[in-house]
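Chains as they are written, first to last, in my numbering: chain A, 331 to 447; chain B, -1 to 113.
Virtual Cβ for every residue (Gly too), placed ideally from N, Cα, C.
Report on the following structure.
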Amino acid sequence: GAGVSQSPSNKVTEKGKDVELRCDPISGHTALYWYRQRLGQGLEFLIYFQGNSAPDKSGLPSDRFSAERTGESVSTLTIQRTQQEDSAVYLCASSPGTSGRASNEQFFGPGTRLTVL
Amino acid sequence: QQQVKQSPQSLIVQKGGISIINCAYENTAFDYFPWYQQFPGKGPALLIAIRPDVSEKKEGRFTISFNKSAKQFSLHIMDSQPGDSATYFCAASIKWGSTLGRLYFGRGTQLTVWP
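See the structure below:
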């Protein structure tokens, strides 16, 4: 079956431009996460969607970052007025859900490498 | 503030040797501790995971040891192979509250296994 897909795989943009990154989760997965991975660093949580609940936006680093999710399907991460420090790999993950003691294994996409010049 | 601390940052092991990566945490609400493996250009993939009601979990050459009182857990890779060369991340997740399911990651360990 298809895994998590992300597009584009690479994005080069100029400082000050807006970018949109897309994530297609595994079908049927109710939870979706965005993480940021800077070079040589661990994964930094950005935002989390779970079903119809209000998203957990606590990891978004500034108001230039926003994300939307259409139902339990595709999600878009938008970065406005990009800065050089936004350069990183943006990873999306989905999981079946986190009720009770169900597995909360997260399945990651290949990421979008964003370079801000 | 790093909720999960991982060491070492890099590790070089000879083929056939044992690779050991350590992690420590402070938040006693964590109840799920996975290890992820990441190859260059790929997203992380779940390798093995443990819950705090057991002290050890083994899957093939990979073993997690968990010490609840010390709030530490470690990954042991037995008979390390060149194909194990990758970056390994420990993580933890919390069971209650709005951050349910979110993973807190360590900074990663770059493992190189020499043939």
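Same chain, Cβ closer than 6 Å to residue 431 of chain A, neighbours up to 5 away in sequence not counted:
Here residue 431 of chain A refers to the residue found at position 101 of the first sequence. Per-residue confidence for residue 431 of chain A stands at a pLDDT of 46, beneath the threshold of 50, marking its modelled position as unreliable; the derived number appears in the next sentence. Excluding residues within five positions, none has a Cβ falling inside 6 Å.
Closest by C-alpha distance to residue -1 of chain B, when choosing among B:45, B:112, B:69 and B:23
Position 1 of the second sequence, counting from 1, holds the residue named residue -1 of chain B. The shortest C-alpha separation from residue -1 of chain B is found at B:23.
Going along chain B in order, which residues have a C-beta closer than 8 Å to the C-beta of residue 361 of chain A?
On the first sequence, position 31 is the one that residue 361 of chain A refers to. The answer, in chain order, is 99.
On the DSSP bridge list, what partners appear for residue 424 of chain A?
Here residue 424 of chain A corresponds to residue number 94 of the first sequence, with the count starting at 1. According to DSSP, which records beta bridges pairwise, residue 424 of chain A is partnered with A:362 and A:437.
Could you give the residue range of the beta strand (DSSP E) that holds residue 29 of chain B?
As a working mapping, residue 29 of chain B is identified with position 31 in the second sequence. Where residue 29 of chain B is concerned, the enclosing beta strand (DSSP E) starts and stops at 28 to 36.
Within 10 angstroms of its Cβ, does residue 366 of chain A collect 16 or more other Cβ (buried), or is it exposed?
Translated into the one-based positions of the first sequence, residue 366 of chain A becomes position 36. So residue 366 of chain A ends up on the buried side.
Please go through the same chain and pick out, in chain order, the residues whose beta-carbon is closer than 6 Å to the beta-carbon of residue 116 of chain B, but skip the five residues on each side of it.
With chain B covering -1 to 113 only, the question about residue 116 of chain B has no answer from this structure.
Below 8 Å on the Cβ atoms is my guess for residue 21 of chain B versus residue 70 of chain B; work out the distance and round it to an integer in Å.
In the second sequence, residue 21 of chain B corresponds to position 23, counting from 1. In the second sequence, residue 70 of chain B corresponds to position 72, counting from 1. Approximately 7 Å separates the beta-carbon atoms of residue 21 of chain B and residue 70 of chain B; this is inside 8 Å, confirming the contact.
Is residue 411 of chain A near residue 394 of chain A, with beta carbons less than 8 Å apart?
Along the first sequence, one-based indexing puts residue 411 of chain A at 81. Along the first sequence, one-based indexing puts residue 394 of chain A at 64. Yes, they are a contact pair.
Which residues DSSP lists as bridging residue 380 of chain A, in chain order
Within the first sequence, residue 380 of chain A is the residue found at index 50, counting from 1. Paired residues: A:361.
DSSP state of residue 77 of chain B mapped onto helix, strand, coil
Locating residue 77 of chain B in the second sequence gives position 79, where the first residue counts as 1. If DSSP states are grouped into helix, strand and coil, residue 77 of chain B belongs with coil.
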